[in-house]
Each structure stands twice: as C-alpha cells, then as structure tokens.
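First the structure, in the form of structure tokens, and then the observations on it.
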Amino acid sequence: MVENLDRYERELEIRFMEKGLAKKLASVYQHKNQLKIQVDAIRGQKNQFNRKVLQLAGQAKFEAIEEMKQIGERQKNLELELESLETECKELLYKFQI
1 MVENLDRYER ELEIRFMEKG LAKKLASVYQ HKNQLKIQVD AIRGQKNQFN RKVLQLAGQA
61 KFEAIEEMKQ IGERQKNLEL ELESLETECK ELLYKFQI
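Per this note's numbering, the sequence shown runs over residues 1 to 98.
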C-alpha cells in the first residue's frame, strides 16, 4: 500500500473521491505494522521468559513473574489496538472498492 501511494491517490482522483483517504490508509497501515512488530517482540520475550523462569527460585522468580504479568498486560493492550487498526484498515480498503 505505502509503496503505491501515488497510484492510489490518482485512482481516487479519477473516482472523484477524497485524496487524503490514501494517505490515511497508508498511515494506519504503517502504524498497524509497527504494532505487530511490537506484539511479536513481546511474544518472543515471553517465550524466552518461560525458559528462564524454570531456573529461578524464591524472590527472583516472584519478581520475574510480576514483571512478566506487566508485560503480558502491555501485550494485551497492544493486541486490542492492533485489532482496532486492522478493522480500520479493512474499512478504508472497502472505501477504495466502492
């Protein structure tokens, strides 16, 4: 999408539609991809943590688990935002097809 922004803008102009729509879609698409990278990184952290936690004991284990709970909460929030952006992308793409 981002690579073909000019083409989409021309297409919208031909259809007498709002040119800013292509830029908005590109912006939402880029933000969605950035969030996806963050979520994937957190998943990697959690996988790595699961292997490490077996070696920890006592207070260190408790602290690590508490930290991972916070990271898990951040992941949950990012996934909700990602889902919202995916829906917005689909809606914007639908406008191109009209």
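We put the beta carbon where it would ideally sit given N, CA and C, even for glycine. These numbers were taken from a predicted model, which means no experiment stands behind them.
Skipping 5 residues on each side, what residues in its chain have a beta carbon closer than 8 Å to that of Glu79? Numbered from 1 along the sequence shown, position 79 holds the residue referred to as residue 79. Within the same chain, and ignoring the five residues on either side of Glu79 in sequence, the residues whose Cβ sits closer than 8 Å to its Cβ are Val39.
Please report the straight-line C-alpha distance between Leu56 and Gln48, rounded to a whole angstrom. Within the sequence shown, numbered from 1, the residue matching residue 56 stands at position 56. Within the sequence shown, numbered from 1, the residue matching residue 48 stands at position 48. Those two C-alpha atoms are separated by around 13 Å.
With Ala26 as the anchor, note down where its alpha helix (DSSP H) starts and where it stops. Translated into positions along the sequence shown, residue 26 becomes position 26. Its alpha helix (DSSP H) spans residues 20–53.
On the three-state DSSP scale, how would you describe Ala57? Stepping through the sequence shown from its first residue, residue 57 is reached at position 57. Reduced to three states, the DSSP call for Ala57 is coil.
When you compare only the Cα positions, how much space is there between Lys76 and Gly20? Here residue 76 corresponds to residue number 76 of the sequence shown, with the count starting at 1. Here residue 20 corresponds to residue number 20 of the sequence shown, with the count starting at 1. Each residue's CA atom was taken as its position, placing Lys76 and Gly20 some 31 Å apart.
Can you tell me whether Leu93 is buried or exposed, with buried defined as 16 or more other CB within 10 angstroms of its CB? Translated into the one-based positions of the sequence shown, residue 93 becomes position 93. So Leu93 ends up on the exposed side.
Status (buried if at least 16 other CB within 10 Å, exposed otherwise) for Ala41: For the purposes of this step, residue 41 is identified with residue 41 of the sequence shown, where counting begins at 1. Around the beta carbon of Ala41, fewer than 16 other beta carbons lie within 10 angstroms, which makes this residue exposed.
Classification of Ala60 by the beta-carbon crowding that lies within 10 angstroms, buried from 16 upward: Sequence index remark: in the sequence shown, residue 60 carries index 60 (1-based). Burial call: exposed.
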